[in-house]
Amino acid sequence: MPDFVYNPPDTPLAVLYEDAQILVLDKPSGLLSVPGKLEGRQDCLLTRLQAEYWGSQLVHRLDCDTSGVMIFARNKKAQGFLGQEFEKRRARKSYVARVYGEIEGESGHIDLPLCADWPNRPRQMVHPDLGRPAQTDWEVIGRAPGETRVRLFPKTGRSHQLRVHMLELGHPIMGDPIYASGPARAAPRLMLHAEWLALAHPESGAAIEFRAEPPF
1 MPDFVYNPPD
11 TPLAVLYEDA
21 QILVLDKPSG
31 LLSVPGKLEG
41 RQDCLLTRLQ
51 AEYWGSQLVH
61 RLDCDTSGVM
71 IFARNKKAQG
81 FLGQEFEKRR
91 ARKSYVARVY
101 GEIEGESGHI
111 DLPLCADWPN
121 RPRQMVHPDL
131 GRPAQTDWEV
141 IGRAPGETRV
151 RLFPKTGRSH
161 QLRVHMLELG
171 HPIMGDPIYA
181 SGPARAAPRL
191 MLHAEWLALA
201 HPESGAAIEF
211 RAEPPF
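Last residue of the sequence shown: number 216 in the UniProt record's numbering, and the count goes up by one each step with no gaps.
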């Protein structure tokens, strides 16, 4: 795996929605969700957001190279409510990805437990005994020579879940610096985007949903 060079994009906040309880943003690819542990990795979406919206609270994360919808709380009470939406799996999400190769079939279900590959962190791996349950549904939404465009529906929220599951299917996500190799890695970015999020509003309890179109 190549050394990780952090060069976050210098782009303004893309706010999709805001009210007194929540902020919803379209995170760019290449920007950490939260500060990294190593020196030089303090710039992230959370710190940028807090500079403009004091008191913003983290609810969930996206991988650095993944773009798309992220929701933040504007106070501790909303953070607790939204955290339960994710923990209890009431929040529903979909992603769009371009994967290498031409997938057979039009849809499917992946049920492969995942755990950290400790000697090769941050890699994750499938492990039937040590892995935690992880399920992903997928459907084909487009085809081109040598690649397939899919919509992914994670039923669990394991680290790198979609990336490892598609790799195990034999179709790594294009541009993945960790799991793709050869021509599959040649894309200019990780071709994975969180396009849709649906959950309950922390104040009213009403169903709300947000969408950000894929930039690829």
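The beta carbon of each residue, even a glycine, is placed where N, CA and C say it ideally should be.
For W138, the pairing in a beta bridge is given by DSSP as G108, L152. Judged by DSSP secondary structure, F86 falls within the alpha helix (DSSP H) whose first and last residues are 76 to 87. DSSP places H201 outside both helix and strand once states are collapsed to three, so it counts as coil. According to DSSP, residue pairing for E18 in a beta bridge involves L23.
In the structure shown, H165 falls within a helical segment according to DSSP collapsed to helix, strand and coil. By the Cβ rule, the region 188 to 205 counts as touching the region 72 to 81, because three or more pairs are nearer than 8 Å.
Within the DSSP secondary-structure output, Q57 pairs in a beta bridge with A73.
With a threshold of 16 other beta carbon atoms within 10 Å, H193 meets it and is buried. Taking all protein chains in view, the Cβ of I103 is crowded by 16 or more other Cβ atoms within 10 Å, so the residue is classified as buried. For the options G68, F4, E139, P172, the alpha carbon positioned closest to that of K37 is the one of F4.
Residue pairing from DSSP places V96 in a beta bridge opposite R151, H193.
Here K27 is buried. Its C-beta has 16 or more other C-beta atoms within 10 Å. Secondary structure of L49 (DSSP, three-state): helix. For the pair W118 and S159, the Cα-to-Cα distance works out to about 13 Å. For Q124, the number of other beta carbons within 10 angstroms of its own is at least 16, and it is reported as buried. Counting along the chain, F210 sits inside the beta strand (DSSP E) bounded by residues 207 to 211. Annotation: the continuous beta strand (DSSP E) that includes C115 extends over 114 to 116. In this chain, the beta strand (DSSP E) harbouring V126 covers 124 to 126. The three-state reading of DSSP puts G182 in helix, counting H, G and I together.
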